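Beneath this line is the structure, given in structure tokens, with notes to follow.
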Amino acid sequence: MQIHESAENYLEAILMIQLEKGSVRSIDVAHKLDFSKPSVSRAVSLLRENGYITMDRDGLLSLTLAGQEIAERMYERHVLISRWLISLGVPEEIATEDACRIEHDISSVTFDRLKEHIGTSEI
Numbered sequence: 802m803q804i805h806e807s808a809e810n811y812l813e814a815i816l817m818i819q820l821e822k823g824s825v826r827s828i829d830v831a832h833k834l835d836f837s838k839p840s841v842s843r844a845v846s847l848l849r850e851n852g853y854i855t856m857d858r859d860g861l862l863s864l865t866l867a868g869q870e871i872a873e874r875m876y877e878r879h880v881l882i883s884r885w886l887i888s889l890g891v892p893e894e895i896a897t898e899d900a901c902r903i904e905h906d907i908s909s910v911t912f913d914r915l916k917e918h919i920g921t922s923e924i
């Protein structure tokens with residue numbers, strides 16, 4: 802199934818907040834992504850409809866298996882590409898921003914080869 806870059810960003814943000822805080826609310830996502838509450842509310846609704854997240858009675862968000870898979874893939878790409886760019890001398894803030902753009906566009910084949918290459922070098 803094709804998923805849009807914005808949905809990947811939301812799922813990755815939910816995962817990152819979950820790793821950091823343990824629980825995730827829509828407002829946490831709004832703060833993390835610097836989006837308005839109504840924008841996040843709409844995105845959360847679409848992610849729920851498409852089976853990527855659930856929301857319990859207390860408003861806590863959880864990734865479904867499908868959402869977790871996408872979020873982990875995006876997070877792995879983000880971390881690896883950021884570290885690699887930093888190791889090349891790119892300032893951390895720029896490396897992080899560039900990694901966020903690259904992680905969505907790079908093919909899985911290219912990412913796997915990049916991961917292999919980076920794994921054999923020191924970063």
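With positions in the sequence shown counted from 1, the corresponding number in this note's numbering is that position plus 801. Glycine included, C-beta positions come from ideal geometry on N, C-alpha and C. From a predicted model like this one, the values you see are computed outputs, not experimental measurements.
Segment contact: the stretch 804-820 against the stretch 864-877, three or more CB-CB distances shorter than 8 angstroms; contact assigned. As DSSP reads the structure, M856 sits in a beta bridge with L862.
Between the stretch 879-888 and the stretch 899-914 there are three or more C-beta pairs closer than 8 angstroms, enough to call the two in contact. When the five nearest sequence neighbours on each side are left out, the beta carbons in the same chain lying within less than 8 angstroms of the beta carbon of G852 are those of T865, A867 and G868, in order along the chain.
Secondary structure of I804 (DSSP, three-state): coil.
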